[in-house]
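From first to last, the protein sequence lines stand for chains A and B. Here our numbering is used: the first residue of the first sequence is 2, the next is one more, and so on. Here our numbering is used: the first residue of the second sequence is 2, the next is one more, and so on. Below is one structure, written out as structure tokens; comments come after it.
Number of protein chains: 2
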Amino acid sequence: MTIAELVADAVSRLTPAERRVADVVVADPQGVAFGTVAELATRSRTSGPTVVRFATKLGLQGFADLQAVAQTEIVDALRPATARIRERPPSDIVAQVLATDLDNVRATLEAVDGDAFRGAVSLLADRGRRVFVLAGEIARGAGIALGTQLDLVRAGVVVLGGSPARVARQIAELEPGDVVIVIEHRRYERWLLDVLARARGAGAEVVALTDRSLSPIATDARYVFVVAATGVGPFDSHTATMALVHALTAGVAARLRRSAAARLDAIEHSWSAGNELVDA
Amino acid sequence: MTIAELVADAVSRLTPAERRVADVVVADPQGVAFGTVAELATRSRTSGPTVVRFATKLGLQGFADLQAVAQTEIVDALRPATARIRERPPSDIVAQVLATDLDNVRATLEAVDGDAFRGAVSLLADRGRRVFVLAGEIARGAGIALGTQLDLVRAGVVVLGGSPARVARQIAELEPGDVVIVIEHRRYERWLLDVLARARGAGAEVVALTDRSLSPIATDARYVFVVAATGVGPFDSHTATMALVHALTAGVAARLRRSAAARLDAIEHSWSAGNELVDA
DNA sequence: TTGCCGCTGGATCGTCCGTTACAGCTTCTA
DNA sequence: TAGAAGCTGTAACGGACGATCCAGCGGCAA
């Protein structure tokens, strides 16, 4: 039962003063959810008792009940399409993924702070700094996508991975000012945290893509981007991570326009010389 | 300033009990907006004073301030998403990626044919068939994501890659009925087409994720999924590919529910035995 | 004009809230 | 091992809240 419906049912039994309360309530249910009796009384130019009587006329116990209804209404409205879809029998997985990932992408990119984005792009586009991509097992796909694309527009990109020994060797080359971009979700892999700590100790600038702002990954990171990763199955979704990678690489490419074009041309030339691509 | 941002800024200065409060607050900002100090204290297994101290550590006057921030956040969130998108300047790359990738995901998943999806899931969930993931340089990130997640729910998953010799050796093991899932966009890599032809010759069932229905990848494939890959920068977007991977793995996990759970438990057990994950 | 009835808001009550002071406890340090 | 510093919850306080009581007011019929 929404507030509007409750009011509509009771409106014929309301006194003039109560009707003024009803007007205010219907026009601004948020005022009921967050406000007090006194506030509502003032806004409707009535009094506390009138507001309480209005609530009881709707069939509720008192103002507290009315407030609870208003709050429930807001929570329902806030619940993303995801939650509503999830309540249905999971017969159509594709539809669920569609709703979930649209929410994920929207939430993730809307949460991106403009300054942080520009800052991260600047770091990644600075050819004086090398870039180390550090991703856990489950985020490795996104990490490799990022590494691959960055590598196409600038030199000095290293995707950390393989054996611990190999990672140690790779990280040993890190110099102060180099960038570590780390992608990892909760249940953080220990080796990854170790490598990250070592990199920080060596003076690396850290850019973090993670699923919670409170993650240990985000601690002391220069820039943090929180990724929405709600998954339909047993796993997190990495769709939003990929969208963020898309944004970052597009940003870097835009920043490096001239030199990136030259680099792409060179790569292109090398490919066609080897006849390694088919255009069909 | 959102609550998540405030918390992120202060998290390093928080005590353990305060951090428990932070977890609850970040996980459920609505609880702050509508709830009370006592409620938050109970839910975070702390006390009233700890909750208040937490609020002051965020730079606020007290809990009342924190609640006001939470309420503002809810009011903002209630405004339609389109209004928020339009607040960004059109030059903003993040906004462009948001619009583009939302379209990509929607177009891709809406174009998925139900029968093809069920058929592909059946193939991938058939533990009698091995699964070979074949992805080009550009799509390797998505391929690895698919391979990693499939590997968590079933055995016999191989991500083809590395040197041509290694791929040749891997593909030599392919038996009729095995599944090759290929992910590649236009300007197809020659070696990939070669491998694909060889696999088909060996009796593989082919599932293709590609950017055009007329692609050589799609020819003679058992099931084809066309991915929308419009990119903002110089590169294709792989966001929609990731969404499709999400759907496929969720489908396979649902189909293999029992055995997948057992396999996940075993993997989980192995992880925790090695103390390789950090939960914080 | 008088008496009645229902509408309305001021005044008051009890409760619960957020806040603060303080003491017990743990954990480092010398 | 003794001491100090910091973390944490209990207890108490002041204030604000919703609910209730009841007097005043206006409209209406006789």
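Positions of the beta carbon are idealized from the N, C-alpha and C atoms, including for glycine. Owing to the predicted nature of the structure, the values given are computational and were not obtained by experimental measurement.
Integer-rounded CB distance, given that residue j should sit under 8 angstroms from residue i
{"i": "residue 109(B)", "j": "residue 229(B)", "result": "5 angstroms"}
{"i": "residue 31(A)", "j": "residue 75(A)", "result": "7 angstroms"}
{"i": "residue 225(B)", "j": "residue 94(B)", "result": "With a Cβ gap of about 32 angstroms, residue 225(B) and residue 94(B) do not count as contacting."}
{"i": "residue 154(B)", "j": "residue 79(B)", "result": "The Cβ separation is near 38 angstroms, so there is no contact."}
{"i": "residue 19(A)", "j": "residue 55(A)", "result": "4 angstroms"}
{"i": "residue 147(B)", "j": "residue 246(B)", "result": "5 angstroms"}
{"i": "residue 256(B)", "j": "residue 216(B)", "result": "Between residue 216(B) and residue 256(B) the Cβ distance is about 27 angstroms, and since that is not below 8 angstroms, they are no contact."}
C-beta contact flag for residue i and residue j at 8 angstroms
{"i": "residue 145(A)", "j": "residue 142(B)", "result": "yes"}
{"i": "residue 263(B)", "j": "residue 254(B)", "result": "no"}
{"i": "residue 211(B)", "j": "residue 176(B)", "result": "no"}
{"i": "residue 248(B)", "j": "residue 98(A)", "result": "yes"}
{"i": "residue 238(A)", "j": "residue 227(A)", "result": "no"}
{"i": "residue 252(A)", "j": "residue 122(A)", "result": "yes"}
{"i": "residue 149(A)", "j": "residue 139(B)", "result": "yes"}
{"i": "residue 201(A)", "j": "residue 179(A)", "result": "no"}
{"i": "residue 137(B)", "j": "residue 190(B)", "result": "yes"}
Burial state of residue i (16 or more Cβ within 10 Å)
{"i": "residue 46(A)", "result": "exposed"}
{"i": "residue 6(A)", "result": "exposed"}
{"i": "residue 204(B)", "result": "exposed"}
{"i": "residue 250(A)", "result": "buried"}
{"i": "residue 268(B)", "result": "exposed"}
{"i": "residue 1(A)", "result": "Since the first residue of chain A shown is 2 and the last is 281, residue 1(A) is not available in this structure."}
{"i": "residue 16(A)", "result": "exposed"}
{"i": "residue 156(A)", "result": "exposed"}
{"i": "residue 127(A)", "result": "buried"}
{"i": "residue 170(B)", "result": "exposed"}
{"i": "residue 96(B)", "result": "buried"}
Spatial neighbours of residue i in its chain, beta-carbon cut-off 8 angstroms, leaving aside the 5 residues before and after
{"i": "residue 197(B)", "result": "135, 181, 183, 207 and 218"}
{"i": "residue 8(A)", "result": "23, 26, 27 and 59"}
{"i": "residue 49(B)", "result": "38, 39 and 42"}
{"i": "residue 113(B)", "result": "226, 245 and 248"}
{"i": "residue 199(A)", "result": "172"}
{"i": "residue 299(A)", "result": "Nothing can be reported for residue 299(A), as the shown portion of chain A is limited to 2 through 281."}
{"i": "residue 2(B)", "result": "70"}
Nonlocal neighbours in the same chain, by C-beta distance under 6 angstroms from residue i, ignoring five residues either side
{"i": "residue 152(B)", "result": "158"}
{"i": "residue 11(B)", "result": "58 and 59"}
{"i": "residue 37(A)", "result": "none"}
{"i": "residue 115(A)", "result": "none"}
{"i": "residue 133(A)", "result": "159, 161 and 181"}
{"i": "residue 120(B)", "result": "224"}
{"i": "residue 131(A)", "result": "157 and 179"}
Cβ-based neighbour list, residue i, same chain, cut-off 7 angstroms, excluding 5 preceding and 5 following
{"i": "residue 240(B)", "result": "102, 105 and 106"}
{"i": "residue 68(A)", "result": "33 and 34"}
{"i": "residue 244(B)", "result": "106, 109 and 110"}
{"i": "residue 193(B)", "result": "135, 137 and 185"}
{"i": "residue 21(B)", "result": "45, 46 and 47"}
{"i": "residue 71(B)", "result": "4, 30, 33 and 34"}
heavy atom of the ligand PLP below 7 angstroms from residue i C-beta
{"i": "residue 74(B)", "result": "No copy of the ligand PLP appears in this structure; indeed no ligand is present at all."}
The beta strand (DSSP E) enclosing residue i, as first and last residue numbers
{"i": "residue 211(A)", "result": "206 to 211"}
{"i": "residue 185(B)", "result": "180 to 185"}
{"i": "residue 136(A)", "result": "132 to 136"}
{"i": "residue 226(B)", "result": "224 to 227"}
{"i": "residue 160(A)", "result": "158 to 160"}
The alpha helix (DSSP H) enclosing residue i, as first and last residue numbers
{"i": "residue 38(B)", "result": "38 to 44"}
{"i": "residue 25(B)", "result": "17 to 28"}
{"i": "residue 236(B)", "result": "Taken as a continuous stretch (DSSP letters only), residue 236(B) belongs to no alpha helix (DSSP H), as it is neither H nor E."}
{"i": "residue 168(B)", "result": "165 to 173"}
{"i": "residue 217(B)", "result": "Here residue 217(B) belongs to no alpha helix (DSSP H), and DSSP marks it neither H nor E."}
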